[in-house]
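Residue numbers (the numbering used here): -13 to 201.
Cβ atoms here follow ideal geometry from the backbone N, Cα and C, with glycine treated the same way.
The next block holds one structure in the form of structure tokens; read it before the comments.
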């Protein structure tokens, strides 16, 4: 990617978010889907040049042959994300809670994925139960498959992002990245229980007026 191209896009001065998403995807390439592009732009106050820099800062994990795992030259396998089938209720998760994310993916290429292909954690917050999810039997060209991953939310409230991507048995990433942002909310139930216990204790304690009357 040429620096001049980034500067040309930055000079456009557009504030249309859809246009910025499309521009960032054009700069990075087909491995960056619209959801991921929006994430990087939003993280950088919708500044295109900063978003490009943030992307390359975060994509430094290397595959076994020393190339960026998001794209391996000559790999014929293609995966695209069709839909996020996860429940809408998992947008905000209490701490230390198990939940499941489900994605529908498609083999958009002309080659069947090799046996042993799997969805693999790539980066972000490690909150999964399994680091690799194997797809058996192999996914054929044009076939869709639903894949689910079980997670355990962290104990601390906050927003956490993570990236997953398909991998060959040898460890080479291919296809679109799957992005997920999980918000861990404070445990309201625990706070309410503590308040109720406090009120109960206050009611159980005799008042000072009653003590003086009894004496």
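- Distance between residue 89 and residue 160, taken at the CA atoms: about 16 angstroms.
- For residue 169, the uninterrupted beta strand (DSSP E) run begins and ends at 159 to 170, by DSSP.
- By alpha-carbon distance to residue 91, the top candidate from 171, 64, 26 is 64.
- Between residue 157 and residue 127 the beta-carbon gap is near 23 angstroms, outside 8 angstroms, which marks them as no contact.
- The beta carbon of residue 36 sits closer than 6 angstroms to those of 30, all from its chain and outside the five residues before and after it, given in chain order.
- Taken in chain order, the region 80 to 160 contains no complete alpha helix (DSSP H) segment of 4 residues or longer.
- In the structure shown, residue 69 falls within a strand segment according to DSSP collapsed to helix, strand and coil.
- Here the C-alpha atom of residue 172 lies approximately 26 angstroms from the C-alpha atom of residue 24.
- Spanning the alpha carbons of residue 111 and residue 164 requires a straight line of approximately 14 angstroms.
- In this structure, the straight-line span from the alpha carbon of residue 121 to that of residue 113 is close to 21 angstroms.
- Within 10 angstroms of the beta-carbon of residue 167 lie fewer than 16 other beta-carbons, which makes it exposed.
- Residue 140 is not a Cβ neighbour of residue 80, given a cutoff of 8 angstroms.
- For residue 100, the CB contacts under 7 angstroms within the same chain, skipping 5 residues up- and downstream, are 124, 154, 155 in chain order.
- Looking at the backbone, the Cα of residue 67 and that of residue 162 are separated by about 7 angstroms.
- Comparing alpha carbon positions, the residue from 34, 20, 26 closest to residue 69 is 20.
- Under the DSSP assignment, residue 17 falls outside any alpha helix (DSSP H); it carries neither an H nor an E label.
- Looking from the CA of residue 14, the closest CA among 4, 102, 39 belongs to 39.
- Cα atoms of residue 5 and residue 105: separation of roughly 30 angstroms, rounded to the nearest angstrom.
- Comparing alpha carbon positions, the residue from 144, 150, 134, 149 closest to residue 170 is 144.
- Between residue 73 and residue 135, the alpha-carbon positions lie close to 13 angstroms from each other.
- In this structure, the CA atom of residue 107 is about 23 angstroms from the CA atom of residue 27.
- A straight-line Cα-Cα distance of about 35 angstroms links residue 103 and residue 32.
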